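To start, the structure itself, in structure tokens.
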Amino acid sequence: MHTAFFTNFGEVLFDNFPDGSRILGGAPFNVAWHLQALGRQALFISRVGEDEAGREILAAMQSVGMTRSAMQIDAAHPTGSVAVSITDGQPSYRILDQQAYDYINAEALQHQPPQSLLYHGSLALRNPVSRQTLLDLKHSWRGPIFLDVNLRAPWWQADEILGWVAGADWLKLNDEELELLLPGEQSISNKMHLLQQTYHLNGVVVTRGRQGALALDSSGELFSIAPDGNIDIVDTVGAGDAFAAVLLLGIAENWPMAQTLKRAQDFASALVGRRGATVTDPAFYQGFIEAWRQ
1 MHTAFFTNFG
11 EVLFDNFPDG
21 SRILGGAPFN
31 VAWHLQALGR
41 QALFISRVGE
51 DEAGREILAA
61 MQSVGMTRSA
71 MQIDAAHPTG
81 SVAVSITDGQ
91 PSYRILDQQA
101 YDYINAEALQ
111 HQPPQSLLYH
121 GSLALRNPVS
131 RQTLLDLKHS
141 WRGPIFLDVN
151 LRAPWWQADE
161 ILGWVAGADW
171 LKLNDEELEL
181 LLPGEQSISN
191 KMHLLQQTYH
201 LNGVVVTRGR
211 QGALALDSSG
221 ELFSIAPDGN
231 IDIVDTVGAG
241 DAFAAVLLLG
251 IAENWPMAQT
261 LKRAQDFASA
271 LVGRRGATVT
281 DPAFYQGFIE
291 AWRQ
């Protein structure tokens, strides 16, 4: 077990697919799951309903050794649920309101983690209760903060998202989200530099689907990575979360940016060959653990 410790705040839910299958998801949960499976400790702060889906999530966490000390159970609101529809391989999401993860309260912060790196998304901040809890957590946080933007209509406003960017050290978003936040004719790299300079970010990463990803490091140097051409794609649900998990590893363990991007791309490329955002087979992760040993 490595010393790097991660804290992930936000939603956990079930992605419900058209074929009737359902798979655990929620960006902060997916990232924590991958970190845990890659041999790192990840404290996940969230809330589930007092229902079958909630019990299933807690059991899944226990089965892979994830601590549940910062998980809350909500008797009034259901465990998060999303209906996923897939058209031409691309997912779209119908996200239900008033879910348990909207009501993460300050009791979740009683188990203050070792402060190395805090990851949060933007979806769980749609509700004032969870939003205030994250603000309370950040108020005393001394380590770096990584914001993973997830713009899911109708649950976001540009000025609010940019307010969260201002409180982050690292920013990850995809090319469509970048265009929504900073519309206009400028190039992607110009917009990335603008975000970095405006909000004093250590790094900015933009994922671009089949085109790979771009990243700015703390010196403002631009790096790019493209996936191999012959990837078998089952679905792309959670590909960005897989990418983010390896970015976090690279940041925490001081991998060079070019190496971090290559490893993140390789991991995300492997994940899209599986259904859904999380993998339960330890062998899936073991190859990466061995390949990345320093």
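What the sequence shown shows, in UniProt numbering, is residues 1 to 294, in sequence order. Using N, Cα and C, we set each Cβ at its ideal position, and we do this for glycine too. All figures in this text were calculated on a predicted structure; none of them were measured in a lab.
Would PRO231 and SER189 qualify as a contact pair, given that the criterion is a beta-carbon distance under 8 Å?
Looking at the sequence shown, residue 231 is not Pro but Ile. In this structure, ILE231 lies away from SER189, with their beta-carbon atoms at least 8 Å apart.
Cα-Cα, which of THR280, ILE289, GLY273 and GLY287 is closest to residue 315?
Given that the chain is displayed from residue 1 to residue 294, the structure contains no residue 315 and the question cannot be resolved.
Delimiting residues of the beta strand (DSSP E) encompassing GLN259
DSSP places GLN259 in no beta strand (DSSP E) but in the uninterrupted alpha helix (DSSP H) bounded by 257-271.
Does any heavy atom of the ligand NAP sit closer than 7 Å to the C-beta of ASN254?
The ligand NAP is absent from the structure shown, which contains no ligands of any kind.
What three-state label does DSSP hand GLY143 in the structure shown?
Here DSSP, grouped into helix, strand and coil, assigns GLY143 to coil.
Delimiting residues of the alpha helix (DSSP H) encompassing residue 295:
Since the first and last residues shown for the chain are 1 and 294, residue 295 lies out of range.
If you draw a straight line from the alpha carbon of VAL64 to that of HIS77, how long is it in whole angstroms?
VAL64 and HIS77 have their C-alpha atoms some 26 Å from each other.
For the alpha helix (DSSP H) that LEU248 lies in, which residues bound it at each end?
Counting along the chain, the unbroken alpha helix (DSSP H) around LEU248 starts and ends at 239-252.
Applying the criterion that 16 or more other CB atoms from any shown protein chain within 10 Å of the CB defines a buried residue, is PRO282 buried or exposed?
With fewer than 16 other Cβ atoms within 10 Å, it is exposed.
Tell me the DSSP bridge mates of GLY212?
Note: GLY212 sits in no beta bridge, so no partner.
Let me see if you follow: with CB-CB separation under 8 Å, is VAL64 close to chain B or not?
Looking for chain B here will not work: only one protein chain is present.
For LEU147 and PHE9, believed in contact at Cβ under 8 Å, the rounded distance
In fact, because the Cβ distance is near 11 Å, the residues do not count as touching under 8 Å.
Would you report the Cα separation of SER85 and ILE23, rounded to the nearest angstrom?
The alpha-carbon atoms of SER85 and ILE23 are separated by roughly 13 Å.
Please report the straight-line C-alpha distance between LEU151 and VAL48, rounded to a whole angstrom.
Spanning the two alpha carbons is a distance of roughly 22 Å.
Got a sec, what are the start and stop residues for the beta strand (DSSP E) GLY25 sits in?
22-25 is the span of the beta strand (DSSP E), which, as asked, contains GLY25.
Assuming ALA277 contacts GLY220 under a Cβ cut-off of 8 Å, what Cβ separation, rounded to an integer in Å, is found between them?
Going by Cβ atoms, the distance from ALA277 to GLY220 rounds to 32 Å, so no, they are not a contact pair.
Can you give me the start and stop residues for the alpha helix (DSSP H) that ASN127 sits inside?
Following the DSSP letters along the chain, one finds ASN127 in no alpha helix (DSSP H), marked with neither H nor E.
Grab me the residues of ALA60's own chain with a C-beta within less than 7 Å of its C-beta, minus the 5 sequence neighbours each way, in chain order.
The beta carbon of ALA60 sits closer than 7 Å to those of LEU24, all from its chain and outside the five residues before and after it, given in chain order.
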